[in-house]
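In the working numbering, the protein residues as written are 949 to 1076.
The C-beta atom is built at its ideal place from N, Cα and C for all residues, glycine as well.
Worksheet: one structure, shown below.
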């Protein structure tokens, strides 16, 4: 979390609802892959609710958006210009992008941020 004291109002992005995303829908990522600032890549939503090994808490959005070092932590936008996810990681056997990337749904990220603001920690439950 960051707190910024600004002398004027800063522009903000609109937050979308990742639950409204559908497989096949176009999305775009903005980042700085390999230091190339303000780069935009696009692709489609491949699936929703993906779980990854060692990451059972997050229902990832799977896309084919090219994500490289410098994109992680950047926004994933829907075609309405709303942030629907935070680009997180890729699946790769070579270490490079192979067409499978994952984003944390923005509602999950916002929930984590709220928990950190109010209690300083994230509480997660799991049965079984």
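- Residue pairing by DSSP puts residue 975 in a beta bridge opposite 991.
- Around the beta carbon of residue 1066, fewer than 16 other beta carbons lie within 10 angstroms, which makes this residue exposed.
- Closest in alpha carbon position to residue 1049, among 1015, 988 and 950, is 1015.
- With fewer than 16 other Cβ atoms from the protein chains shown falling within 10 Å of its own Cβ, residue 1064 counts as exposed.
- The DSSP-derived three-state label of residue 1063 is helix.
- Its chain contains 966, 1009, 1024, 1051, 1052, 1053 and 1054 as the residues whose beta carbon lies nearer than 7 Å to that of residue 1033, once the 5 sequence neighbours on both sides are disregarded; these appear in chain order.
- In this structure the region 960-978 lies against the region 993-1004, because at least three pairs of beta carbons, one per stretch, are closer than 8 Å.
- Linking residue 999 to residue 1005 through their CA atoms gives a straight-line distance of about 8 Å.
- Per DSSP, the beta-bridge partners of residue 1051 are 1009 and 1035.
- Around the Cβ of residue 952, a 10 Å sphere holds fewer than 16 other Cβ atoms; the residue is exposed.
- Excluding the 5 residues flanking it on each side, residue 1060 has same chain C-beta neighbours closer than 6 Å at 1070, in chain order.
- Exclusion of the five residues before and after residue 1029 leaves 961 and 962 as the residues of its chain whose Cβ lies within less than 8 Å of its Cβ.
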